[in-house]
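To start, the structure under review is shown below, and the notes come after it.
Numbering (the numbering used here), first residue to last: 319 to 579.
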């Protein structure tokens, strides 16, 4: 047997041999940390530690934002990472906020309370499933429906603010019910939201923008609960308001064209 045939046989064997499979460690570490934060929020809600649970959800948001960017920067994106991230998001931004809101306020409404919490959880699952199936066709500059992290921020932000001001959750059960249903429906709606993925973070920016970022951090540090809650509440409201504004502009343009004809 010649060396050439031996090499050919070794190559054919390597082609048919199973490839080594594995996962990228670095981005999935951040995803696991986000999943842990979401699970910790659930445990905190069960133990009536609402402030700690709310903070844990916000920590999960930061970690969730980092894992995708780290994967892109290190070129370690994978199908496994995308699926794992979605499962982590369902726990941190679907189950955790719903259970936290139920334990804090919705329990006082009986069956209507846990049904509202379920609607929110189901909406988060549907939102994530739709997002995964539309990755190739979606507009990169906009999200279709309210992102689940922003929806969770509105939910737990309200709880965080009320706990700090010693407001009883049962006294705000109707407000909690409305916010739970509203954020859930916004997640599965066709309302568009800015994704801010079109922002150029690598290019040079004016000095004023750096100063603005510093001021934002200062404002958040003064009162994190209120600043985070109202910031995400404004973002949640921006989608419907901009949609109504666009519909009004289209209607006015259509009337103008009909008037000309």
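Ideal placement from N, C-alpha and C gives every residue a C-beta, glycine not left out.
Buried or exposed by the 16-neighbour rule on C-beta atoms within 10 Å, applied to residue i
i: residue 563; result: exposed
i: residue 508; result: exposed
i: residue 392; result: exposed
i: residue 570; result: exposed
i: residue 451; result: exposed
i: residue 421; result: buried
i: residue 424; result: buried
i: residue 345; result: buried
i: residue 457; result: exposed
For residue i, three-class secondary structure by DSSP
i: residue 332; result: Per-residue confidence for residue 332 stands at a pLDDT of 44, beneath the threshold of 50, marking its modelled position as unreliable; the derived number appears in the next sentence. Helix at residue 332.
i: residue 401; result: helix
i: residue 407; result: helix
i: residue 476; result: helix
i: residue 503; result: helix
i: residue 346; result: helix
i: residue 437; result: helix
i: residue 573; result: helix
i: residue 393; result: coil
i: residue 353; result: helix
i: residue 341; result: coil
Whole-number beta carbon distance between residue j and residue i, since they are thought to touch under 8 angstroms
i: residue 403; j: residue 466; result: Rounded, the Cβ-Cβ distance is 11 angstroms, inconsistent with contact.
i: residue 590; j: residue 379; result: Past the boundaries of the shown model lies residue 590; the chain is included only from 319 to 579, so the question cannot be answered.
i: residue 427; j: residue 495; result: 6 angstroms
i: residue 441; j: residue 506; result: 5 angstroms
Paired residues, beta bridge with residue i - DSSP
i: residue 510; result: 462
Below-9 angstroms beta-carbon distance, residue i vs any chain B residue
i: residue 543; result: The chain labelled as chain B is not found in the depicted structure, where only one protein chain is given.
Quiz prompt | Inside the segment 512-552 only - alpha helix (DSSP H) runs reaching at least 4 residues | solution = Counting only runs of 4 or more, we get 525-540.
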